[in-house]
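**Q**
In this note's numbering, the protein residues as written are 16 to 179.
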């Protein structure tokens, strides 16, 4: 399914460069669509990791911003909670069985398995960037810049049943 996103921004032509704004807008849109959310499985958690926390790998020093925490089994009180952490802005690669820290406090241990995998929120299997650039470039005296980005959202389907 093709998706087009158009972003507009009012700017001050005296203090802001339209070219720089266009580049920043493109980068922000692409990052928010493709930058991805990742999921990691954790175990042995005794301290709650909360939405908005920045987690840090004790060995790899990888960082990420937590967007969701799901405890599937166990208990934080007993130190045996098991579940998943969804995150954005991943910087680096976590190491399997690495301890995760928040504010220099051990919070969880990564469980064995994939270190990271993209999460698209449910139905979409894949998102591809197609193109992007200025929708309009301001003339002298204009105060609005616009960018256009095209993406392709790929959904799983079966013959004669587009809802699977």
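Cβ atoms here follow ideal geometry from the backbone N, Cα and C, with glycine treated the same way.
Please state the DSSP three-state secondary structure of residue 52.
**A** Numbered from 1 along the chain shown, position 37 holds the residue referred to as residue 52. Residue 52: strand per DSSP, three-state reduction.
**Q** Please classify residue 102 as buried or exposed, where buried requires at least 16 neighbouring CB atoms within 10 angstroms.
**A** Against the chain shown, residue 102 aligns to sequence position 87. With 16 or more other Cβ atoms within 10 Å, it is buried.
**Q** Does the segment 23-36 come close enough to the segment 70-85 to have 3 or more Cβ pairs within less than 8 Å?
**A** Cβ pair count under 8 Å is below three, so no.
**Q** Rounding to the nearest angstrom, what Cα-Cα distance links residue 28 and residue 161 in this structure?
**A** Reading the chain shown from its first residue, position 13 is the one you call residue 28. Reading the chain shown from its first residue, position 146 is the one you call residue 161. If you take the alpha carbons of residue 28 and residue 161, they lie about 14 Å apart.
**Q** Based on Cα-Cα distance, which residue from 94, 98, 109, 143 lies nearest to residue 87?
**A** As a working note, residue 87 is residue 72 in the chain shown. Nearest of 94, 98, 109, 143 to residue 87, Cα basis: 98.
**Q** Whose CA, out of 110, 73, 106, 18, lies closest to the CA of residue 56?
**A** Mapped onto the chain shown, residue 56 falls at position 41. Residue 110 is the option with its Cα nearest to residue 56.
**Q** Report all residues from its chain with a CB closer than 7 Å to the CB of residue 49; omit the five preceding and five following residues, and keep chain order.
**A** Sequence index remark: in the chain shown, residue 49 carries index 34 (1-based). Once the five neighbours on either side are set aside, the close Cβ partners of residue 49 are 142, 144.
**Q** Locate the beta strand (DSSP E) running through residue 61, then write down its first and last residues.
**A** Numbered from its first residue, the chain shown carries residue 61 at position 46. Per DSSP, residue 61 belongs to no beta strand (DSSP E) and is neither H nor E.
**Q** In the structure shown, what three-state DSSP assignment does residue 146 receive?
**A** Locating residue 146 in the chain shown gives position 131, where the first residue counts as 1. Residue 146: strand per DSSP, three-state reduction.
**Q** Three Cβ pairs or more, each shorter than 8 Å: is that satisfied between the segment 153-160 and the segment 18-26?
**A** At 8 Å Cβ cutoff, the stretches touch.
**Q** What whole-angstrom Cβ distance do residue 94 and residue 126 have, given they're in contact under 8 Å?
**A** Here residue 94 is taken as the residue at index 79 of the chain shown, counted from 1. Here residue 126 is taken as the residue at index 111 of the chain shown, counted from 1. Contact flag wrong, Cβ pair sits at about 14 Å.
**Q** What is the DSSP secondary structure of residue 153, reduced to helix, strand or coil?
**A** For the purposes of this step, residue 153 is identified with residue 138 of the chain shown, where counting begins at 1. Three-state DSSP puts residue 153 in coil, outside helix and strand.
**Q** Between the C-alpha atoms of residue 170 and residue 63, what's the straight-line distance to the nearest angstrom?
**A** Taking the first residue of the chain shown as 1, we reach residue 170 at position 155. Taking the first residue of the chain shown as 1, we reach residue 63 at position 48. Distance between the alpha carbons of residue 170 and residue 63: 34 Å.
**Q** Would you decide whether residue 53 is buried or exposed? Buried here means 16 or more other CB atoms lie within 10 Å of its CB.
**A** The residue you call residue 53 lines up with position 38 of the chain shown. Burial call: buried.
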